[in-house]
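*Asks:*
Numbering (this note's numbering), first residue to last: 5 to 183.
This is how it looks when you write it as structure tokens:
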């Protein structure tokens, strides 16, 4: 059942004040690449909410560019809605094992999935459309990550690039079994 959430931040026992020294620089670019004629990527940067999203409509699937746009818009919509102080009803309940901001992002991605599925019912040409998603929602000194599929999140720090997510794909699952 849906639950209401208040905006009070959670603190770990014994934790001191949070000091934010995180510098965020964002830029969005997309490239169709060499194999495809059309670009099915959708990018959304919302620095006010500290939300950064990329969705990649699945190539070869119907209306991938529509699925990716629907997903990023739905994620931004939910994060913006929950960014204020008003109480809301959460459509999927709250996960007590993660922070409020983590719940905002997790629920936003689930909300996006629901929106993409609803859109597939609106038109026969949208049947089977799908997208991957990678999103970051920053809260003070914590970057909450959420992703579905093989869109990745990387960290660039002190001249080094590190991959923070692992692909949700059959190939990656097979590779993980042998590592």
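All residues carry an ideal CB built from backbone N, CA and C; glycine is no exception.
Report yes if the CB atom of residue 155 is closer than 8 angstroms to the CB atom of residue 58, and no otherwise.
*Replies:* In contact: residue 155 and residue 58 (Cβ atoms closer than 8 angstroms).
*Asks:* State yes or no: is the C-beta of residue 158 within less than 8 angstroms of the C-beta of residue 152?
*Replies:* Taking 8 angstroms as the Cβ cut-off, residue 158 and residue 152 do not qualify as a contacting pair.
*Asks:* Please classify residue 36 as buried or exposed, where buried requires at least 16 other C-beta atoms within 10 Å of its C-beta.
*Replies:* Exposed, by the Cβ-count rule.
*Asks:* Would you mind giving the Cβ-Cβ distance between residue 78 and residue 116, rounded to the nearest angstrom? I have them listed as a contact below 8 angstroms.
*Replies:* Rounded, the Cβ-Cβ distance is 4 angstroms, consistent with contact.
*Asks:* Would you say residue 113 and residue 150 are within 8 angstroms of each other, going by their C-beta atoms?
*Replies:* Yes, these two residues count as a Cβ contact at 8 angstroms.
*Asks:* Could you tell me whether the stretch 126-142 touches the stretch 104-111, where touching means 3 or more Cβ pairs closer than 8 angstroms?
*Replies:* Yes, the stretch 126-142 is in contact with the stretch 104-111.
*Asks:* Which same chain residues, not among the five before or five after residue 43, have their C-beta less than 8 angstroms away from its C-beta?
*Replies:* These residues qualify, in order along the chain: 34, 35, 36, 69.
*Asks:* State the Cα-Cα distance for the pair residue 124 and residue 134, rounded to the nearest angstrom.
*Replies:* Spanning the two alpha carbons is a distance of roughly 9 angstroms.
*Asks:* Would you say residue 99 and residue 110 are within 8 angstroms of each other, going by their C-beta atoms?
*Replies:* Contact flag set, yes.
*Asks:* Assuming residue 169 contacts residue 60 under a Cβ cut-off of 8 angstroms, what Cβ separation, rounded to an integer in Å, is found between them?
*Replies:* Incorrect: roughly 13 angstroms between the Cβ atoms, too far for contact.
*Asks:* Rounded to whole angstroms, what is the Cα-Cα separation between residue 1 and residue 167?
*Replies:* Because the chain spans 5 through 183 in this model, residue 1 falls outside it and cannot be assessed.
*Asks:* Closest to residue 82 by C-alpha separation, out of 146, 173, 118, would be which residue?
*Replies:* Of the candidates 146, 173, 118, the one whose C-alpha sits nearest the C-alpha of residue 82 is 118.
*Asks:* Rounding to the nearest angstrom, what Cα-Cα distance links residue 171 and residue 163 in this structure?
*Replies:* Answer to the nearest angstrom: the Cα atoms are 23 angstroms apart.
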